[in-house]
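Numbering (our numbering), first residue to last: -15 to 548.
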């Protein structure tokens, strides 16, 4: 039997590319950029939705070409300098996208439509990939404002907003990264949309326990935890640092902690029933972040920086899970097939720079009164018991997941370690908007004073060649290296005769966590991101009071600038 199909009443619409270059970068975006940006999250937004909107919206079309062409340069490890001739095409397309968008919404009501919101996300991706953090943060802030106004408008009309539902998880993750970086020049007010979606998201994982709902639920809870911390602390304090007086009773934080515990109860059965290998990287990431949140909820803020010493087992497990996740990433990207010679030298073995062997000046006034570090002082006894029980469950679950992953993957972690020691040689550059491993590694480096654990975390960070939204592994490794060097040099100075040996490049080193006293710890780093790939970091030392007792100085800080 032959079935005849009538001719289409309308000819298929051709894609509006004008030359082979546009076709090339359009395909590059579809096949390479979109899946990478999505990461462990569902790629439909970038692979399908963006492509559909691009056909009808010129601003999104040019933004797609700009991202595809820039991502090709990124994956080839090419220079991202604006003066490079090869940057002309992506910058031209990026400029066209901005000009068209501004012209289309000027003097009209289109500023609440989907195109400006999607454009903000794509512009942020472009600036993040080129690592212009100041501009990327501006686009995130603009996008959050559009989302808030759009939600208000649709709540008044009582109409469903499917595109907002699709874009909410993305902007939740971007907002979380904005809070993690802690640039005080960008406001940290909680958008209305975060309140609206949180209630629905935390319930969905209970009803539909799967990896996708687990990711969305965790993103929501983590975002609200950090927003409550920011609300308590004020805009000038960066996560992962929290004030001494913070308690879970403040600003409804107790409710969020309860939602987090509900999430963990729903997540454990998902881990137990893992059967699809494609879910393992997602599970590893969520387990890493789960351990991080548990540390945040359990640290005793009365102990100052020393309160993190009890979490060395968690820090070790986080490091192991990160290495396992990077093995899966290398396995899927084709990296790590050849061995490199063993590393013979690490930058952390270098003699301490001379400028680190000088006491920093005292700080007085409002900055001296500022205090903070990571942690939530849970006052409710039953709630504290629940958090402790969850911490034990997370350790057990993490160990089981690690063992299962090691049996399932094919790449040898020894191959990965050899490549990581050479700072990314052979590791394909990765750009993604999903939560990743850079920030957890940064927390291990900055909070754990065990020299062996933090150096292992630093080696992973320095070599993984990843850019996760606003976080860049190379830049974070530079910052982590400075934190280690400054803390250890201050500790050696505190031991008197060891100071001269440290400054002269002799073999005197920090070999145990106990050598790094509380007054030598960096309790807070306050970054300020500037245009043209520059930033200023201010490092604050010790817990106020402990430093004064040890040195007779109220508080000290050190300010440095970075370019990349």
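A virtual CB, placed ideally from N, CA and C, is assigned to each residue, including glycine.
Assignment of residue 466 by DSSP, reduced to helix, strand and coil, places it in the helix class. Inter-residue distance for residue 263 and residue 87 is about 43 angstroms (C-alpha atoms, whole angstroms). Contact check between the region 414 to 423 and the region 149 to 159: three or more CB pairs, one atom from each, fall below 8 angstroms, which counts as touching. For the pair of segments examined, the region 274 to 283 was found not to touch the region 493 to 501: the number of CB pairs separated by less than 8 angstroms stays below three.
The DSSP-derived three-state label of residue 524 is strand.
Here DSSP, grouped into helix, strand and coil, assigns residue 390 to helix. Within a 10 Å sphere around the beta-carbon of residue 548 sit fewer than 16 other beta-carbons, which makes this residue exposed.
Residue pairing for residue 509: DSSP places it in a beta bridge opposite 523. Counting C-beta atoms within 10 angstroms of its own C-beta, residue 149 has fewer than 16 neighbours from the protein chains shown and is therefore classed as exposed.
The DSSP-derived three-state label of residue 41 is coil.
Closest in alpha carbon position to residue 103, among 85, 116, 112 and 89, is 85. In this structure residue 271 is buried. Its beta-carbon is surrounded by 16 or more other beta-carbon atoms within 10 angstroms. For residue 414, there is no enclosing alpha helix (DSSP H); the residue is part of the beta strand (DSSP E) that begins and ends at 414 to 416.
For residue 456, the beta-bridge partners assigned by DSSP are 451. For residue 499, there is no enclosing alpha helix (DSSP H), as DSSP marks it with neither H nor E.
Where residue 280 is concerned, the enclosing alpha helix (DSSP H) starts and stops at 264 to 282. When secondary structure is reduced to three states using DSSP, residue 543 falls in the strand class. Assignment of residue 258 by DSSP, reduced to helix, strand and coil, places it in the coil class.
Relative to the Cα of residue 370, the nearest Cα in the group 101, 100, 427 and 241 belongs to 241.
Contact between the region 513 to 523 and the region 118 to 133 is established, with three or more Cβ pairs separated by less than 8 angstroms. For residue 426, the enclosing alpha helix (DSSP H) covers residues 422 to 431. Taking one beta carbon from each stretch, the region 69 to 77 and the region 26 to 37 have fewer than 3 pairs nearer than 8 angstroms; the two do not touch. For residue 73, the enclosing alpha helix (DSSP H) has its first and last residue at 72 to 89.
From the listed residues 308, 507, 390 and 546, the smallest Cα separation to residue 521 is found for 546. Contact holds between the region 428 to 437 and the region 449 to 467, because three or more Cβ pairs, one in each stretch, are under 8 angstroms apart.
Judged by beta-carbon spacing, residue 265 lies beyond the 8 angstroms limit of residue 203, meaning their Cβ atoms are not closer than that value. If you draw a straight line from the Cα of residue 473 to the Cα of residue 510, it comes to about 20 angstroms.
The alpha-carbon separation between residue 38 and residue 208 amounts to approximately 32 angstroms. In the three-state scheme derived from DSSP, where H, G and I count as helix and E and B as strand, residue 518 is classed as strand.
A distance below 8 angstroms separates the beta carbons of residue 274 and residue 378.
Taking every protein chain shown into account, the CB of residue 79 has fewer than 16 other CB atoms within 10 angstroms, so this residue is exposed. For residue 8, the uninterrupted alpha helix (DSSP H) run begins and ends at 4 to 12, by DSSP. DSSP places residue 287 in no alpha helix (DSSP H); its state is neither H nor E.
In this structure residue 77 is buried. Its beta-carbon is surrounded by 16 or more other beta-carbon atoms within 10 angstroms. Around the beta-carbon of residue 11, fewer than 16 other beta-carbon atoms lie within 10 Å, marking it exposed. Distance from the CA of residue 258 to the CA of residue 83, rounded to the nearest whole angstrom, comes to 47 angstroms.
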